[in-house]
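Chains as they are written, first to last, in our numbering: chain L, 4 to 162; chain B, 71 to 217; chain Z, 17 to 307. We put the beta carbon where it would ideally sit given N, CA and C, even for glycine.
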Amino acid sequence: MAERRRIMVKVNGVQYEREVEPRRLLVDFLRDDLELIGTHVGCEHGICGSCTVLFNGRAARSCLMFAVQANGAEVMTVEGLAEDGKLHPIQEAFREHHGLQCGFCTSGMLMASYEFLQDNPDPTEEEVRRSISGVLCRCTGYKQVIDSVMAAAAEMKGR
Amino acid sequence: MKLEGKYNYKAPQQVVWDLFNNPRHLEKAIPGCKKLEEREPGKYDAISKIGIAAVKGTYSGKFEVLDPEPPNRYRLIGEGSGTPGFVKGEGIIEFSQDGEGTTVVYTGEVQVGGLIAGVGQRLISGIAKMMIKEFFRKMKKELKSLK
Amino acid sequence: MKPNAFEYFAPSTVKEAVGLLEKYEDEAKILAGGQSLVPIMNFRLGRPEVLLDINGIKDLDYIKEEGEALFIGALTRERDLELSPLVKEKCPILAEAVSFIGHVPIRNRGTIGGSLVHADPSSELPTVICCLNGEMKVVGPSGERALAPEEFFLTYLTTSLEPSEILVEVRILTLPKNTAWSFVELTRRSGDFAIVGVATLLFMEDDGVCREARIALGGVAPTPIRAEEAEELLSGQVITEELIKKAGAEAAEATETEPDYHASAEYRKDMARVFVQRGLHEALSRFKGGK
């Protein structure tokens, strides 16, 4: 059995220090070691997108990374979107436009959209469709998700 | 999946027949074969270590030669299992004289199951065919070593 | 499932990595983007005893232009290739091909080196590098060597890398000014593995003649392949509709397609024909549009 490693990871602005086995997946580290259960484990092979977080500012599948790789890195999870208890505009938009039902894919949708809107603040609907194609949703049929992201874009542009 | 192929060997039919029934040579040609033992005449036990990319597995298997009609044809059945999955198959190998050489024709069916068949489904067919090609190619090398 | 327990090393130089590969040989796997390796480990299909995390070898992450070539470090992320102004200007077919790889989060981590060494013939990078005649620079204990695509890609998921060698760089020639290009692929959904992928380069003369044609196909053989007969048909010619149809048919003949859940062997072969034609149409219309 491999030795545990000491890692220092900043998650949502908070510095954490923990010991992990090298084989510990980042998503399991976030959920089980840090108790940040907003990120979900779906397929464990990178297809469903429900594990999506931001790793050093870029969206990444946390089920395809090991916690040891996050040593010295900055991670943002869905828990990092709201500020001082106030929902992020993307979260507000999802709430208003019914962008979620069971909520399993939602953190993936939110984190993927967060990065997408940073790169594309004024997207077309076609571009939004494409941007969420990496997160699978079994409930909404995607229309409300697209409406939510479009609404979020409009709201954030206005600011 | 259905498999079939044809290979030419530069030797008389009897020599090629004997080669394809000799565990010492089969052992060298079967992909990743670490051990091949003839338990009883026509019944073989094999252990093979096969690896592609990161997917490595040790498979233990059994073959049986049935309905032999020396030196023209025999039926082969086999199965093997290992951590990534299992393989089951049967086929017919036919030998015929072709001028100074021998043509070997095989037709058969192979089923691959278990984890590798589900996850690796996209590549299974191609990889299985590639391994069989490799076997027949290595048998050519074994033939050369007889001379 | 969760991966097996393994020894973990994070070398900070290529020399260190090669040393570790020499020590552990085929017990070790290199962890770069992890987008192909970690799924295999999560399924427990692959259980490497040792993982060499090369993400710390920052020296391997670069895109440089020197003379008429682009030099790309093996650790360069696919997303960086997609967005690089240098790649978009000097070798746009590469940026286009990369944009078809999975989805953004996958491209954020996936690397060009990892994709090439994984050598899945359905992947976009092996196909486009085959079209570009890219040169792979590989480093091992006995030094470095350069490999052309036909020397590098052996068969499904297999390259000619020795167990103690590591891919460090890919060198591609920048495209001359009058180049028509396209990358097209057939997938059921955006982001899926290609059923068929076609990379097309046409080096054009001023008088409308195609001096040299290059057509590479993915998903239709154990490695990416060049449709040589189709290329010969088009090279030195003004490309007509009739030639495009013939090229498609020739290219289909060059394939060795296999069936799977998504497509039969016959369908793949026929789609090779169709997508070679589409690739040629797109390349020519983009070229004319640019004039």
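Quiz item: For Z/L91 versus Z/D77, is the C-beta distance shorter than 8 Å?
Solution: yes
Self-check item: Helix, strand or coil at L/Q104 [DSSP, three-state]
Solution: coil
Practice problem: Find the nearest neighbour of Z/I15 within the set Z/M220, Z/Y283, Z/S28 and Z/P142, judged by alpha-carbon distance. | Solution: Because chain Z is modelled from 17 through 307, residue 15 of chain Z falls outside the range shown and cannot be assessed.
Practice problem: Spell out whether any CB of chain Z is found under 8 Å from the CB atom of L/P25. | Solution: yes
Quiz item: So Z/I231 is in the beta strand (DSSP E); what residue range does that whole segment cover?
Solution: Its beta strand (DSSP E) spans residues V225 to G234.
Exercise. List the endpoints of the continuous beta strand (DSSP E) containing B/P138.
Key: V125 to E139
Quiz prompt | Own chain residues within Cβ distance below 6 Å of Z/A229, not counting five before or after | solution = L218, E247, L250 and S251
Self-check item: Sequence-distant residues of the same chain with beta carbon closer than 6 Å to Z/V170, five excluded per side
Solution: Per the sequence shown, residue 170 of chain Z should be read as Leu rather than Val. These residues qualify, in order along the chain: S176.
Quiz prompt | Limits of the unbroken beta strand (DSSP E) element including Z/G213 | solution = V212 to M220
Quiz item: Looking only at DSSP bridge pairs, what is Z/A243 linked to?
Solution: None, per the DSSP bridge assignment.
Quiz prompt | Beta carbon of B/T153 nearer than 8 Å to that of B/G127 | solution = yes
Quiz item: Going by alpha carbons, who is nearest to Z/R376 out of Z/A85, Z/E82, Z/I117 and Z/K74?
Solution: Past the boundaries of the shown model lies residue 376 of chain Z; chain Z is included only from 17 to 307, so the question cannot be answered.
Practice problem: Using alpha carbons as the reference points, say which of B/G188, B/G121, B/G196 and B/R143 lies closest to B/Y176. | Solution: B/R143
Quiz item: Which residues, in order along the segment 70–83 of chain L, keep a beta-carbon less than 9 Å from a beta-carbon of chain Z?
Solution: V71, Q72 and N74
Quiz item: Can you find a C-beta in chain Z that's less than 8 Å from the C-beta of B/M200?
Solution: yes
Quiz item: Would you say L/L67 and Z/Q51 are within 8 Å of each other, going by their C-beta atoms?
Solution: yes
Exercise. Could you list which residues in chain Z have their beta carbon closer than 8 Å to that of L/C66, in chain order?
Key: V54 and N58
Exercise. State the Cα-Cα distance for the pair Z/F25 and B/K217, rounded to the nearest angstrom.
Key: 49 Å
Quiz item: Which residues bound the beta strand (DSSP E) around L/V14?
Solution: L/V14 -> beta strand (DSSP E) spans R8 to V14.
Quiz item: Going along chain Z, which residues have a C-beta under 7 Å from L/A62?
Solution: Think of a sphere of 7 Å around the beta carbon of L/A62: the chain Z residues whose beta carbon falls inside it are V120, P121 and N124, in chain order.
Practice problem: Pull up the distance between the alpha-carbon of L/E99 and that of L/S151, whole angstroms please. | Solution: 8 Å
Practice problem: Count the other CB atoms, across all protein chains shown, that sit within 10 Å of the CB of Z/A21; report buried if there are 16 or more and exposed otherwise. | Solution: exposed
Exercise. Kindly say whether Z/A313, judged by its beta-carbon, lies nearer than 8 Å to any beta-carbon of chain L.
Key: Residue 313 of chain Z is absent from the model: chain Z starts at 17 and stops at 307.
Quiz item: Taking the continuous beta strand (DSSP E) assigned at Z/A196, which residues delimit it?
Solution: T195 to L202
Quiz item: Helix, strand or coil: which one does DSSP assign to B/G171?
Solution: strand
Quiz item: To the nearest angstrom, how far is it from the Cα of L/L120 to the Cα of Z/G207?
Solution: If you take the alpha carbons of L/L120 and Z/G207, they lie about 20 Å apart.
Quiz item: Quick one: does B/V182 have its CB under 8 Å from some CB of chain Z?
Solution: Closer than 8 Å: no.
Practice problem: Evaluate the contact criterion for the segment 26–41 of chain L versus the segment 37–49 of chain Z: three or more CB pairs, one atom per stretch, below 8 Å. | Solution: no
Quiz item: What three-state label does DSSP hand Z/M152 in the structure shown?
Solution: strand
Exercise. Tell me, to the nearest whole angstrom, how far the beta carbon of L/G137 is from that of Z/H119; I am working on the premise that it is less than 8 Å.
Key: Between L/G137 and Z/H119, the beta carbon gap of about 3 Å places them in contact (Cβ cut-off 8 Å).
Quiz item: Anyone know if the C-beta pair for B/V174 and B/Y114 falls short of 8 Å?
Solution: No, Cβ-Cβ distance for B/V174 and B/Y114 is not below 8 Å.
Quiz item: How is L/V30 classed by DSSP in three states: helix, strand or coil?
Solution: helix
Self-check item: Residue closest to Z/E282, alpha-carbon to alpha-carbon, out of Z/G305, Z/V254 and Z/V236
Solution: Z/V236
Practice problem: Spatial neighbours of Z/G295 within its chain, please: CB distance less than 6 Å, with the 5 preceding and 5 following residues excluded, ordered by chain position. | Solution: Excluding five sequence positions before and after Z/G295, the CB atoms of its chain that fall closer than 6 Å to its own CB belong to S198, V200, V214 and T216, given in chain order.
Quiz item: In three-state terms, what does DSSP make of Z/Q51?
Solution: If DSSP states are grouped into helix, strand and coil, Z/Q51 belongs with coil.
Practice problem: Closer than 7 Å by beta-carbon distance: list the chain L residues that pair up with Z/D69, in chain order. | Solution: Q72
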